[in-house]
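Visitor:
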Amino acid sequence: MNAEWKAALARAVREVFENLCFMLPSPSSVSIPPERLEPASLSRVILAVDFSGAGRGALHLTLPDSMIAPVASAMLGEDGPLELSEQYDAVCELANIVCGNVLPLIAGDRAVFDLASPRVIATMDTDLGDNFDASARVLLDDGLVCAAISLEFATAQGAA
Amino acid sequence: MSLHVLVVDDSPVMRKMVIRVLGMSGLPIESVHEACQGREALDVLAREGNINLGLFDVNMPVLNGEELVVQIRAEPRIAALPVIMVSTEGSAERIERLKRLGAAFIRKPFGPEALLDAIISATGG
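Quick mapping for you: the protein sequence lines, in order, are chains A and B.
Under this note's numbering, the first residue of the first sequence is numbered 126, with each subsequent residue one higher.
Under this note's numbering, the first residue of the second sequence is numbered 353, with each subsequent residue one higher.
#1: Under 8 angstroms, with one C-beta from each stretch per pair, do the segment 142 to 153 of chain A and the segment 228 to 243 of chain A reach the 3-pair mark?
#2: Give the single residue among B:L394, B:M437 and B:N404 whose Cα lies nearest to the Cα of B:I381.
#3: Count the other CB atoms, across all protein chains shown, that sit within 10 Å of the CB of B:A432; report buried if there are 16 or more and exposed otherwise.
#4: Please indicate yes or no: does the CB of A:L264 lie closer than 7 angstroms to some heavy atom of the ligand NAD?
#5: Let me see if you follow: with CB-CB separation under 8 angstroms, is A:A284 close to chain B or not?
#6: Taking the alpha helix (DSSP H) that A:F142 belongs to, which residues open and close that run?
#7: I want to know whether the segment 385 to 401 of chain B touches the segment 415 to 422 of chain B - three or more CB-CB distances under 8 angstroms.
#8: I'd like the list of long-range same chain contacts for B:I424, defined as Cβ closer than 6 angstroms, with 5 residues on each side in sequence excluded.
#9: Along the chain, where does the beta strand (DSSP E) that runs through A:P189 open and close?
#10: Smallest Cα separation from B:V365: which of A:S242, A:A132, A:N256 and A:E218?
#11: Closer than 8 angstroms, CB to CB, is A:D214 near chain B or not?
#12: With distance defined between alpha-carbon atoms, name the residue in A:T280, A:E277 and A:A273 nearest to A:R136.
#13: If we require 3 or more residues per run, which beta strand (DSSP E) segments fall completely within the segment 379 to 444 of chain B?
#14: B:F457: buried (16+ other C-beta within 10 angstroms of its C-beta) or exposed?
#15: Which two residues bound the contiguous beta strand (DSSP E) that contains A:L219?
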């Protein structure tokens, strides 16, 4: 597991959720207490963003189902309920923005990537981590968000 | 000066978010028009004669943001339109390319202050 990439993932998740959703990291986010770790049976949504260009890979963003509605409402500034499709569109955009923000942190500002449209790959409980080069968990007041990335550089370029 | 803004993005959610931030900027927004890709944006620009600011996504189907700006710069009637490109991908190469096209750049996520700075940069104050 690449520690620098893990830090980049955590930073991107924190900044995007803070700026777009006004959701702040929990004070205990540095060390997540066991009682805040969500049960394995908790229903989650996994959003995937594939990318190519300077490197090829994918970013997966996982959040509890219970966060989808508040995240979408916060992003769009809507007080009332949103259509489910709009909620999913919003969290897909969120994943896209996290991906767009983490790649320069890992590969440097000069690396050019093309991001595919974000997609929902699962709504069942799926563990992230083993198939990725780095992953990070960020505990927000609203729930635990996990991000994981796999990235293979097109050339011999390493992390910036 | 009142602003008549054209927001172009293939994601309705992103258009909504951009319009929301525009509303929070404190700028005198007179009207906001929307298009979901570059070709449709050109139609709106042809139809609406008073648009004086464009906020364009980069990655869009049919005609992407960069191609849209190239076409705008080639059309004398709208060539001087101030344009801000909005994208998640902000590589230095892309930003330099957009600057050469006379477009400002703002990276998602952004708030009202960053948008205000970009608008000042695009409109020359």
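Note that the Cβ used here is the ideal one computed from N, Cα and C, for glycine as well.
Guide: With the structure as the only source:
#1: no
#2: Working through the second sequence from its first residue, we reach residue 381 of chain B at position 29. Between B:I381 and the set B:L394, B:M437 and B:N404, the nearest pair of CA atoms involves B:N404.
#3: Walking along the second sequence from the start, residue 432 of chain B turns up at place 80. With fewer than 16 Cβ atoms within 10 Å of its Cβ, B:A432 is classed as exposed.
#4: The model on display carries no ligand, and the ligand NAD is accordingly not part of it.
#5: Here residue 284 of chain A corresponds to residue number 159 of the first sequence, with the count starting at 1. Because A:A284 carries a pLDDT of 47, less than 50, the predicted location of this residue cannot be relied on, and no value is offered for it.
#6: Position 17 of the first sequence, counting from 1, holds the residue named residue 142 of chain A. Start and end: A128 to C146.
#7: Yes, they touch.
#8: Taking the first residue of the second sequence as 1, we reach residue 424 of chain B at position 72. Hits under 6 angstroms: I430 and L433.
#9: Position 64 of the first sequence, counting from 1, holds the residue named residue 189 of chain A. It spans G180 to P189 - the beta strand (DSSP E) in which A:P189 sits, taken as one unbroken run.
#10: For the purposes of this step, residue 365 of chain B is identified with residue 13 of the second sequence, where counting begins at 1. By alpha-carbon distance to B:V365, the top candidate from A:S242, A:A132, A:N256 and A:E218 is A:E218.
#11: The residue you call residue 214 of chain A lines up with position 89 of the first sequence. It does: the Cβ of A:D214 has a partner Cβ on chain B nearer than 8 angstroms.
#12: Locating residue 136 of chain A in the first sequence gives position 11, counting from the first residue. The residue with the shortest Cα to Cα distance from A:R136 is A:A273.
#13: 381 to 387, 405 to 409 and 435 to 439
#14: Against the second sequence, residue 457 of chain B aligns to sequence position 105. Burial call: buried.
#15: By 1-based counting over the first sequence, the position of residue 219 of chain A is 94. Here A:L219 belongs to no beta strand (DSSP E); instead the alpha helix (DSSP H) covers L209 to A232.
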